[in-house]
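Peer 1:
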Amino acid sequence: MTGFVHIDDVARIFGPNLTTGERIAAKLGGKVETRSVRAVSDVSLSVRKGETLGLVGESGCGKSTLGRVIAGILPPTSGTVTIDGTPVMENGTKITTRVQTVFQDPFASLDPRMKVGDTVSEGPIAHGLTTKANARTYVAEWFTRVGLDPVWVDRYPHQFSGGQRQRIAIARALAMQPDVLICDEPVASLDVSIQAQIINLFLELTRDLGLTTVFISHDLSVVQHVSDRVAVMYLGRIVELGPVANVFGTPAHPYTKALFGSVPKLVLDADELVKFDTIDGEVPSPLSPPSGCYYHPRCPYATEVCKAEQPQTEDLSDVRAVACHHFQRVLDSTKDVRAVPE
Amino acid sequence: MTDPVLSVKNLSTHFFTRAGVVKAVNGVSFDLARGEIMGLVGESGSGKTVTGFSLLGLVDAPGRIVEGSVKLNGTELTTLSQRDLRKRRGSDISMIFQDPIATLNPMLTIGQQMKMAIDAHERLGTRAADARATELLTQVGIPSAAARLRAYPHEFSGGMRQRVAIAIALLHRPSVIVADEPTTALDVSIQAQILTQMRDLAAETGTAMIWISHDLAVVSSLASKLAVMYAGRIVEQGPTATLLRDPRHPYTAGLIASLPAMAKPGTPLTQIPGTTPSLLSLPLGCPFAPRCDHATNRCKDDPPMTHTAGRGYRCFHPTGQTAKAPA
Amino acid sequence: MSNQSTPLRRFWAEFRENRIAVVALVIVVLLILLALFASLVSPQNPYDLANLSLMDSRRPPGFVGSGGYTHILGTDPQGRDLLSAIFYGLRISIQIGLAAGFVSLTIGTFLGITAAYLGGRIEALIMRLVDLQLSFPAILLALVIVALLGQGKPQLIGALVAAQYAYFARTAYGAAKAERGKDYVEAALAIPLSGRLVVWRHLLPNCTPPLIVVATVQIANSISLEATLSFLGLGLPVTEPSLGMLISNGFPYMMSGRYWISVYPGIALIILIVAINIVGDQVRDQFNPRLRK
């Protein structure tokens, strides 16, 4: 395999996490939720060196959990994540600094009582990337790199706007000199006019530093813009994976197709309002997922086999993988827009 | 042209805080016709939410409407007493919020809450009230609505709760609904369902809507006209298609150009430099001037709203191919 | 927003707006200074028995004693100058209050943050123990411990700590539990930084606001608890009376019109405790975002 980051058969199950009282109540026959949630089920994929992999899906699909497993924040219940052959975690502890994370909310991810310069420098000092004496110069370099004035190192987070805070968070991640960057919805909580600034900064930095990136977002247009390949998740599983142009252009999984159809698009040359391809129903509870293919209750292409059997991941000719019994019918219907699914 | 159901003229709402006067809404004017949906677009702090609250008279101290008029079906709302205003609210004009969990009472069933909302404005028997509630829940797309009346808010998903909030807002067939980012917290597939239904509801019932959002794409798929707010003012307004295709205000143009969909994948996006100004210390003249490439000395004066061909913009140096700067 | 707007500066700017709190703070500082320099400002060393004359005992305020100076607040049954005794008593009360406060703060914070950070069985063990202890009245616990350990400063401080650490543990636990779930803690752990570093540099500083509030209240409580124990005769040795013991000493003479022996130390004690509590209230209000204007 040509991958740099290997995610091998990773599953993450969140147990019911009962308190002592609840455990006693459960023993006595009380109504206590004892089922567990498979947030991520048997995901295998590899990310190539220097590539940006987009991870999309609706809330609860497991994209953030998968991101945190890759970043070494959450230990997987089973499976392994390796970077260039070395594991990210051992015995539930992160043992590498080669993967770093940028979090969604820059208002929450910076310690409000720590000067922003210290926030950026504490990791590099702890891991010997710089010394206490050189920390100021080191931080100043990274501040400049992410477009912040280095004289601001002694300020506190509340003195910055959302966009500037996200730049600080990016500087904190990059100051660890990682090979891999996990971005968990990095622009979702920013204003529209600021999003473009941060996306541009991200594009520039990943290119200049040769970073391998996993970019998690619910915003499909952002993912389409920054990613080389994209993985679509539904209820903890990857349903489609492939180059952005192929997946966005001719979706092979009915969920991908419907998800793209639901996104409001800015159509400039239409005088009539755009029609949505809506998906019926809602995402089922991950506590009791449906049998077979998880998507079958909402899927217009579903047949008996979808209820019974979980689809295997199939490799298509255009270097993409899809987990659907009927992907050929989906592809055919996309090519001929008027075709109505049976 | 028929009379508008809602006519807002020169509305200004200011907040008198310890730190100074926050001019959250500054001279906002627009009209809304029956069954029309207007998108009110802006970033955080642009004043779009305060505008919505001002229309319903929901602005609390230290804020108040300092100027302007809000006419609903010919009645001036800004001078009404709280009592009379309360009578209008919910029956003639109602509001939907971003977070339905904050607006629904967790201790009461959906049916009880809908009954209370009905009782606030008219007397209906329990059976008739239930029938009305069921009808509206069905209309907003809640399956087996009659049975769901006995359910509590926590038994609904986020999307379903927002539908309930919409159903409550629609109970008295108001002339105007103000919707403040009602789909922002929802997944795209649920958002698409709700947007489609709202479009149909507005057409069917003749209820006019003000759809507040930061997302141009969302409002463009729903609203027939748009108003773009920046730093407490409407900087540009007009029919959706015209405004998006041929924006006149550099801020609108910048917002559209900065969308990832407008650029080739992987290439740098067009970005608006700088950050939104603090409403406490707005620059003199055009508030967008410090971030604008078109700005000249003239922008130190406040540009008035220029009206041409059914649209308006506040800019001395409008963009667009047909645009000529007024001398 | 000024460039030097550190959290501390903003805090002080807001504190200054409450005049009563500022006055209370000035009183607290003044009383602490008086206690610190008791030997310089007192006309007499009340603990040196050689200075005392029984001839001067129980004299009213304004009496000129054998030392040749005026006893402004009168004298106690041992012939001590009451003003001097109050200054020295303040010293002991504040000493014990601060010592007990800081020791309980340290122990309680350590236990609370450990429980919140580690979770699991250790969390359950520590917090159930704390809950158990909080269900006893503090005074009862302190009484039992002093009765077991005997009299003396270290014993008294030990008893006060045992009675009070649980409040700090509870507060530190609650704060740390809330902070533990926040993104910035996760971000620090994700680097990865060691648990010890994250606790020390991130959790602890962010848990300080509620702890400071509890500390001010508990220091005031320590002082009054100590006074109570001394009043009951279980506190310090009679030769070095604290405020509580001074009150107790004068108590038998209250009915015979020699009010000053009990009343003046009592007023000093009340002023001290009320002032500390006013400062504590203001600090609490400032740390509580819900009460923010």
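Just so you know, the sequences run in chain order A, B and C.
Per the working numbering, residue 1 is the first one in the first sequence, and the count goes up by one each step.
Per the working numbering, residue 343 is the first one in the second sequence, and the count goes up by one each step.
Per the working numbering, residue 670 is the first one in the third sequence, and the count goes up by one each step.
We put the beta carbon where it would ideally sit given N, CA and C, even for glycine.
Is M114/A buried or exposed, if buried means 16 or more other CB atoms sit within 10 Å of its CB?
Peer 2: M114/A is buried by the Cβ-count criterion.
Peer 1: Hey, could you find the ends of the alpha helix (DSSP H) R503/B is sitting in?
Peer 2: Note, R503/B: alpha helix (DSSP H), G500 to L512.
Peer 1: In whole angstroms, give me the CA-to-CA distance for D277/A and Y255/A.
Peer 2: Using only the alpha carbons, I get a separation of about 11 Å.
Peer 1: Against chain B, does V230/A count as a neighbour if the rule is that its beta carbon must be under 8 Å from one of theirs?
Peer 2: Closer than 8 Å: no.
Peer 1: Return the CA-CA distance between W553/B and I73/A, expressed in angstroms with no decimal places.
Peer 2: Cα to Cα, W553/B sits roughly 39 Å from I73/A.
Peer 1: Apply the 10 Å Cβ neighbour rule to F357/B and answer buried if 16 or more other Cβ atoms are within range, or exposed otherwise.
Peer 2: Under this definition F357/B is a buried residue.
Peer 1: Could you tell me whether the Cβ of F143/A comes closer than 8 Å to any Cβ of chain E?
Peer 2: The structure shown contains no chain E; the protein chains it does contain are A, B and C.
Peer 1: Please check if any C-beta of chain B sits within less than 8 Å of the C-beta of T278/A.
Peer 2: Chain B contact via Cβ: present.
Peer 1: Is K403/A close to chain C? Criterion is C-beta to C-beta, closer than 8 Å.
Peer 2: The requested residue 403/A does not occur in the structure, where chain A is confined to residues 1 to 342.
Peer 1: For I170/A, I'd like the list of residues in its chain whose CB is within less than 6 Å of its CB, leaving aside the five on either flank, ordered along the chain.
Peer 2: Answer for I170/A: V102 and V146, listed in chain order.
Peer 1: Examine chain B for any beta-carbon lying closer than 8 Å to the beta-carbon of D191/A, and answer yes or no.
Peer 2: Closer than 8 Å: yes.
Peer 1: Going by C-alpha distance, which of A302/A, D315/A and S288/A is nearest R35/A?
Peer 2: Of the candidates A302/A, D315/A and S288/A, the one whose C-alpha sits nearest the C-alpha of R35/A is S288/A.
Peer 1: What's the gap between the Cα of T316/B and the Cα of F327/A?
Peer 2: Any question about residue 316/B goes unanswered here, given that chain B covers just 343 to 669.
Peer 1: Counting contacts by CB-CB distance shorter than 8 Å, is A667/B in contact with chain A?
Peer 2: Caution applies to A667/B, whose pLDDT of 41 falls short of 50 and renders its modelled position unreliable; the value that the coordinates give is listed next. It does not; no Cβ of chain A falls within 8 Å.
Peer 1: Put M114/A into one of helix, strand or coil per three-state DSSP.
Peer 2: Of the three classes helix, strand and coil, the one that applies to M114/A here is coil, per DSSP.
Peer 1: Between S109/A and chain C, is any beta-carbon pair separated by less than 8 Å?
Peer 2: For S109/A, the answer is yes, since a Cβ of chain C falls inside 8 Å of its Cβ.
Peer 1: Among I942/C, L709/C and S931/C, whose alpha-carbon lies nearest the alpha-carbon of Q887/C?
Peer 2: Considering only alpha carbons, the answer is I942/C.
Peer 1: Alpha carbon to alpha carbon, how far is S354/B from I598/B?
Peer 2: Approximately 27 Å between the Cα atoms of the pair.
Peer 1: Do we get a CB-CB distance below 8 Å when we pair N200/A with the residues of chain B?
Peer 2: Interface residue, yes.
Peer 1: Thinking R376/B and A569/B are a contact (beta carbons under 8 Å), I'd like their distance in whole angstroms, please.
Peer 2: Contact doesn't hold; Cβ gap of about 18 Å is too wide.
Peer 1: Is M176/A closer than 8 Å to G123/A when the C-beta atoms are compared?
Peer 2: Yes.
Peer 1: Ignoring anything shorter than 4 residues or poking outside the region 282–330 of chain A, list the alpha helix (DSSP H) runs there in chain order.
Peer 2: With a minimum length of 4 residues, the continuous alpha helix (DSSP H) runs that stay inside the region 282–330 of chain A are 304–308.
Peer 1: Let me know if Q951/C comes out buried or exposed under the rule of 16 or more other beta-carbons within 10 Å of its beta-carbon.
Peer 2: Its Cβ being crowded by 16 or more others within 10 Å, Q951/C is buried.
Peer 1: Helix, strand or coil for E185/A? Go by DSSP, reduced to three states.
Peer 2: If DSSP states are grouped into helix, strand and coil, E185/A belongs with coil.
Peer 1: Please confirm whether V263/A and G60/A have their CB atoms less than 8 Å apart.
Peer 2: Not in contact: V263/A and G60/A (Cβ atoms no closer than 8 Å).
Peer 1: What is the DSSP secondary structure of M670/C, counted as helix, strand or coil?
Peer 2: Low confidence applies here, because M670/C scores a pLDDT of 41, under 50, leaving its location unreliable; read the following figure in that light. DSSP places M670/C in coil when its eight states are reduced to three.
Peer 1: Could you compute how far the alpha carbon of R320/A sits from the alpha carbon of P251/A?
Peer 2: Each residue's Cα considered, the two are about 10 Å apart.
Peer 1: In the DSSP assignment, the alpha helix (DSSP H) including M233/A goes from what residue to what residue?
Peer 2: First-last for M233/A: R229 to Y234, but that is the beta strand (DSSP E), not the alpha helix (DSSP H).
Peer 1: From F680/C to S931/C, what does the alpha carbon distance come to, in whole angstroms?
Peer 2: For F680/C and S931/C, the distance between alpha carbons rounds to 39 Å.
Peer 1: Which same chain residues end up closer than 6 Å to G580/B when comparing Cβ atoms and leaving out the 5 residues on each side of it in sequence?
Peer 2: For G580/B, where only same-chain residues beyond five positions count, the Cβ hits under 6 Å are R653.
Peer 1: Considering only residues of the region 831–867 of chain C, which uninterrupted alpha helix (DSSP H) runs meet the minimum length of 4 residues and lie entirely inside it, listed in chain order?
Peer 2: Taking only runs of at least 4 residues, the alpha helix (DSSP H) segments lying wholly in the region 831–867 of chain C are 852–859 and 864–867.
Peer 1: Could you work out which residues of chain B lie near Q224/A, taking near to mean beta carbons separated by less than 9 Å?
Peer 2: By Cβ distance, chain B contributes P602, A603 and P607.
Peer 1: At what residue ranges does the region 353–391 of chain B contain a whole run of the beta strand (DSSP E), taking only runs of 3 or more?
Peer 2: Runs found: 362–374 and 379–383.
Peer 1: Is it buried or exposed for Q424/B, if we count other Cβ within 10 angstroms and need 16 for buried?
Peer 2: Burial call: exposed.
Peer 1: Report the start-end ranges of each alpha helix (DSSP H) in the region 581–639 of chain B that is 4 residues or longer and not cut off at the edges.
Peer 2: As far as the region 581–639 of chain B is concerned, its whole alpha helix (DSSP H) runs of at least 4 residues are 582–587 and 592–599.
Peer 1: Kindly list, in the order they appear in chain B, the residues whose Cβ is closer than 9 Å to that of L203/A.
Peer 2: Under the 9 Å cutoff, chain B gives G608, T609, P610 and L611.
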